[in-house]
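K.L.:
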Amino acid sequence: MKNWIINQSLDHPGRTVLISLILTFILGSGLRFFKVEDDMMKLLPQNMESRKTWDKVKEEFGNTEMIFIAFGKSGESIYEQTTLTSLWDFTAALEAIPDVEEVISMASMNRMDSEDGFLEINELLPNRELNVIQLEEIKTYLDNHPNVKNRVIGQHGDFLNVIVHPIDGAPNDILAGKLLDEADIYLGAYETHFGGAPYLTGVISELIRNDVMMLVRAGMVVMVLILLLNLRSVPAVGMVLSVIFLSLFAMTGSMGWIRGLTGSDKFLFTLMNTSMPIILLTIANSDGVHVLAKFFKKFRQTGDKREAVQKTMDALMLPIFLTSLTTAIAFLSLIFAPIEVMTGYGVSIAIGITWAWILSSLMLPSLIMMKSWNISSRALTSTSILERFANTIGKVVLQAPRKVLMSGLTIVVVGLAGIFWLNVEVNIQSFFKKGTKIRESLEF
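Here the sequence shown is numbered in the numbering used here, starting from 665 and rising by one per residue.
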């Protein structure tokens, strides 16, 4: 079986590459079912009592969650004509958003007064433009009704609170974006804070996308630099990158396919899944580098490309397979995790790892066979600095195995002692760095 696989790359490299690409694009086409989920409740097990209760509440009463928008100027009273005019305009803009069911603010509230034994109901803010007398009457009314005041005014009287009730099923990410846009238009002169579960989950999806892209970009920059330092060949680095990107494409596509075919929420891409691309990137890179580095070494020794590829794959086929198999099984164990999305996490990464092994065993050696290598290039005539460093470490291990073993055990023991300093954090504020808008709004 191993010889048959190797011969596919040696005798039919073009066909092997074409089939690999076709299968990869079939698997990756599942991206159309790929979904980034911003609902934090999807992270909780469905059989969890608190989630069952929450689902029943939503089923009975609809959407009960609110978005809170506080704005003002620290130390300045909100009873200013310009401030309340901005509130009036902002409230009207929010009420015009289709995904908003209700807006609660001073501009949308009524006041109830007793007049000659009759109950009169009027708007709290009678007009967009208010005079000094009206401002004083509003202040007096709210001071006499602290329960109403506490809903729409901060405890220091310098911030106004606007409460937005989204319609049931409103896409939180789209709604959050619209609220931010309206705040930029009408509240640009004020300090603004957003809060509430719908807003938080709405902006998290964008954060997930940004974090994933940032991690992948940073990882790719570091990886490309190290690959160039080690392989010293742009085509070789390109071959490794092709394995990485195609594996990522297959992994995310498979996640989409499984979700599309089963409808399972276990295969949603959530905040818990942001580390998936960087993990697979590392594993796929390892497979590709092993093959290219071994090929260069064998090519230096034999001077024959076909023989070098054959010896490389004969030596690495089984080790890479076993490494990929054990790693994939380790991630598959996440199907037993109580957090349901970890099932999709483990299965999808296992598929990505398997695909990286397939590409490294079939497509990569085929690409090597199709490339015309210059035997006199530096990459093939001399070892790289990283290869020489690895050889030095190997010599140290051979010369002083006992010292190396004891040093390793010492590091492990010291590391185990750190278990006692582990801290389990459940405060969602800690998910975000200090100084970010979300962290500041949550603390506010």
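Ideal placement from N, C-alpha and C gives every residue a C-beta, glycine not left out.
Measuring CB to CB, does LEU824 end up less than 8 Å from ALA734?
P.N.:
What you label residue 824 is simply residue 160 of the sequence shown in a count that begins at 1. What you label residue 734 is simply residue 70 of the sequence shown in a count that begins at 1. Yes; because the gap between Cβ atoms is below 8 Å, this pair is in contact.
K.L.:
Determine the extent of the beta strand (DSSP E) in which ILE731 is found, giving its start and end residues.
P.N.:
Against the sequence shown, residue 731 aligns to sequence position 67. Residues 731 to 736.
K.L.:
Taking three-plus beta-carbon pairs below 8 Å as touching, is the segment 974 to 992 in contact with the segment 910 to 930?
P.N.:
Fewer than three Cβ pairs drawn from the segment 974 to 992 and the segment 910 to 930 lie within less than 8 Å of each other, which leaves the two stretches out of contact.
K.L.:
Under DSSP, the beta strand (DSSP E) around SER1036 begins and ends at which residues?
P.N.:
Within the sequence shown, numbered from 1, the residue matching residue 1036 stands at position 372. Unbroken run through SER1036: none, as it is neither H nor E.
K.L.:
Once you ignore the five residues that flank GLY1010 on each side, which residues in its own chain have a CB closer than 8 Å to its CB?
P.N.:
In the sequence shown, the residue the question calls residue 1010 occupies position 346. Correct list, in chain order: PHE995, LEU996, SER997, LEU998, ILE999, ALA1001.
K.L.:
Identify, in the order they occur along the chain, each residue of the same chain with its Cβ nearer than 8 Å to the Cβ of TRP752, setting aside the five sequence neighbours on each side.
P.N.:
The sequence position of residue 752 within the sequence shown is 88, counting from 1. Excluding residues within five positions, the ones whose Cβ falls inside 8 Å are ALA771, LEU789, ARG792.
K.L.:
What does DSSP give as the partner residues of VAL767 in its beta bridges?
P.N.:
As a position in the sequence shown, residue 767 is number 103, starting the count at 1. For VAL767, which the question treats as bridged, DSSP gives the partners VAL828.
K.L.:
Any contact between the segment 1017 to 1035 and the segment 944 to 952? By contact I mean 3 or more CB pairs, one from each, below 8 Å.
P.N.:
At 8 Å Cβ cutoff, the stretches touch.
K.L.:
Given LEU1028, which residues of its chain have a CB within under 7 Å of its CB, disregarding the five upstream and five downstream residues?
P.N.:
As a first step, residue 1028 must be located in the sequence shown, where it is residue number 364. These residues qualify, in order along the chain: MET903, VAL907, GLY952, VAL955.
K.L.:
Look at MET679 and ARG896 and say whether their C-beta atoms are less than 8 Å apart.
P.N.:
The residue you call residue 679 lines up with position 15 of the sequence shown. The residue you call residue 896 lines up with position 232 of the sequence shown. Per the sequence presented here, residue 679 reads as Arg, with Met not at that position. It is not a contact, given that the beta carbons lie outside the stated cut-off.
K.L.:
Going along the chain, which residues of its own chain have a beta-carbon closer than 6 Å to the beta-carbon of ALA847, five neighbours each way excluded?
P.N.:
For the purposes of this step, residue 847 is taken as the residue at position 183 of the sequence shown. Its chain contains THR856 as the residues whose beta carbon lies nearer than 6 Å to that of ALA847, once the 5 sequence neighbours on both sides are disregarded; these appear in chain order.
K.L.:
Check whether the Cβ atoms of SER750 and TYR850 lie closer than 8 Å to each other.
P.N.:
As a position in the sequence shown, residue 750 is number 86, starting the count at 1. As a position in the sequence shown, residue 850 is number 186, starting the count at 1. Going by C-beta atoms, SER750 is nearer than 8 Å to TYR850.
K.L.:
Is it buried or exposed for GLN819, if we count other Cβ within 10 angstroms and need 16 for buried?
P.N.:
The sequence position of residue 819 within the sequence shown is 155, counting from 1. Flag for GLN819 reads exposed.
K.L.:
Distance, Cα to Cα, VAL700 vs THR934?
P.N.:
Stepping through the sequence shown from its first residue, residue 700 is reached at position 36. Stepping through the sequence shown from its first residue, residue 934 is reached at position 270. Straight-line Cα distance between these residues: approximately 6 Å.
K.L.:
For ASN786, which of MET776, GLU801, PHE1084 has the nearest alpha-carbon?
P.N.:
Locating residue 786 in the sequence shown gives position 122, counting from the first residue. Of MET776, GLU801, PHE1084, the residue nearest in Cα terms is MET776.
K.L.:
In chain order, what residues of the same chain lie with their CB nearer than 6 Å to the CB of VAL826, ignoring the 5 residues before and after it?
P.N.:
Numbered from 1 along the sequence shown, position 162 holds the residue referred to as residue 826. Once the five neighbours on either side are set aside, the close Cβ partners of VAL826 are ILE733, SER769.
K.L.:
I think ILE831 touches VAL764, with their Cβ atoms under 8 Å apart; what is that distance to the nearest whole Å?
P.N.:
Position 167 of the sequence shown holds residue 831. Position 100 of the sequence shown holds residue 764. Correct: roughly 7 Å between the Cβ atoms.
K.L.:
With C-beta atoms as the reference, is MET936 less than 8 Å away from ILE1003?
P.N.:
Numbered from 1 along the sequence shown, position 272 holds the residue referred to as residue 936. Numbered from 1 along the sequence shown, position 339 holds the residue referred to as residue 1003. Yes, these two residues count as a Cβ contact at 8 Å.
K.L.:
Please go through the segment 874 to 943 and give each complete alpha helix (DSSP H) segment of 4 or more residues, from N-terminal end onward.
P.N.:
898 to 926
K.L.:
Report buried or exposed for LEU682, applying the criterion of at least 16 other Cβ atoms within 10 angstroms of its Cβ.
P.N.:
Working through the sequence shown from its first residue, we reach residue 682 at position 18. Around the Cβ of LEU682, a 10 Å sphere holds fewer than 16 other Cβ atoms; the residue is exposed.
K.L.:
Can you round the beta-carbon distance between ARG923 and LEU674 to whole angstroms, since I take them to be within the 8 Å contact cut?
P.N.:
Mapped onto the sequence shown, residue 923 falls at position 259. Mapped onto the sequence shown, residue 674 falls at position 10. Between LEU674 and ARG923 the Cβ distance is about 39 Å, and since that is not below 8 Å, they are no contact.
K.L.:
For THR688, report the span of its alpha helix (DSSP H) as first-last.
P.N.:
Taking the first residue of the sequence shown as 1, we reach residue 688 at position 24. 677 to 692 is the extent of the alpha helix (DSSP H) around THR688.
K.L.:
Considering Cα atoms alone, identify which of PRO835, MET919, LEU945 is closest to ARG881.
P.N.:
Numbered from 1 along the sequence shown, position 217 holds the residue referred to as residue 881. Checking every option, the nearest Cα to that of ARG881 belongs to LEU945.
K.L.:
For ALA760, is the classification buried or exposed, using 16 other Cβ atoms within 10 angstroms of its Cβ as the cut-off for buried?
P.N.:
In the sequence shown, residue 760 corresponds to position 96, counting from 1. Burial call: exposed.
K.L.:
Under a Cβ-count criterion, where at least 16 other Cβ atoms within 10 Å of its own Cβ denotes burial, should LYS975 be classed as buried or exposed?
P.N.:
By one-based count along the sequence shown, residue 975 stands at place 311. Per the 10 Å Cβ criterion, buried.
K.L.:
Between the Cα of MET665 and the Cα atoms of PHE985, SER1036, ALA1014, THR717, which residue gives the shortest distance?
P.N.:
Taking the first residue of the sequence shown as position 1, residue 665 is located at position 1. Here the closest residue by C-alpha is PHE985.
K.L.:
What first and last residue would you give for the alpha helix (DSSP H) that runs through SER814?
P.N.:
Residue mapping note: residue 814 aligns to position 150 of the sequence shown, counting from 1. The sequence shown places Asn at residue 814, rather than the Ser named in the question. Run containing ASN814: 810 to 816, per the alpha helix (DSSP H) assignment.
K.L.:
Taking Cβ positions, are ILE1015 and THR991 nearer each other than 8 Å?
P.N.:
Counted from its first residue, the sequence shown places residue 1015 at position 351. Counted from its first residue, the sequence shown places residue 991 at position 327. For ILE1015 and THR991, no; Cβs fall outside 8 Å.
K.L.:
Does the separation of the CB atoms of TRP1037 and LEU1044 fall below 8 Å?
P.N.:
Taking the sequence shown and counting its residues from 1, one reaches residue 1037 at position 373. Taking the sequence shown and counting its residues from 1, one reaches residue 1044 at position 380. Yes, the Cβ-Cβ distance between TRP1037 and LEU1044 is below 8 Å.
K.L.:
Can you check whether the CB of ASN836 is closer than 8 Å to the CB of PRO862?
P.N.:
Sequence index remark: in the sequence shown, residue 862 carries index 198 (1-based). Sequence index remark: in the sequence shown, residue 836 carries index 172 (1-based). Yes, Cβ-Cβ distance for PRO862 and ASN836 is below 8 Å.
K.L.:
If you draw a straight line from the alpha carbon of ASP929 to that of VAL876, how long is it in whole angstroms?
P.N.:
Position 265 of the sequence shown, counted from the start, is the residue given in the question as residue 929. Position 212 of the sequence shown, counted from the start, is the residue given in the question as residue 876. So the alpha carbons of these two residues sit roughly 20 Å apart.
K.L.:
Report the CB separation of LEU932 from GLY1008 in whole angstroms; it is logged as a contact under 8 Å.
P.N.:
For the purposes of this step, residue 932 is taken as residue 268 along the sequence shown, with counting starting at 1. For the purposes of this step, residue 1008 is taken as residue 344 along the sequence shown, with counting starting at 1. Indeed, because the Cβ distance is near 7 Å, the residues count as touching under 8 Å.
K.L.:
Tell me which residues share the same chain as ILE942 and place their Cβ nearer than 7 Å to its Cβ, disregarding the 5 neighbours each side in the sequence.
P.N.:
Start at 1 with the first residue of the sequence shown, and residue 942 comes out as number 278. The answer, listed in chain order, is LEU879, VAL880, GLY883.
K.L.:
Is it true that the CB of ILE742 sits closer than 8 Å to the CB of GLY821?
P.N.:
Here residue 821 refers to the residue found at position 157 of the sequence shown. Here residue 742 refers to the residue found at position 78 of the sequence shown. A contact, by the Cβ cut-off of 8 Å.
K.L.:
Going straight from the alpha carbon of TYR854 to that of LEU799, what length do you get?
P.N.:
Here residue 854 corresponds to residue number 190 of the sequence shown, with the count starting at 1. Here residue 799 corresponds to residue number 135 of the sequence shown, with the count starting at 1. TYR854 and LEU799 have their C-alpha atoms spaced approximately 20 Å apart.
K.L.:
Run the CB neighbour count on PRO677, radius 10 Å, all protein chains shown included, and call it buried at 16 or more, exposed below.
P.N.:
In the sequence shown, counting from the first residue as 1, residue 677 sits at position 13. Burial call: buried.
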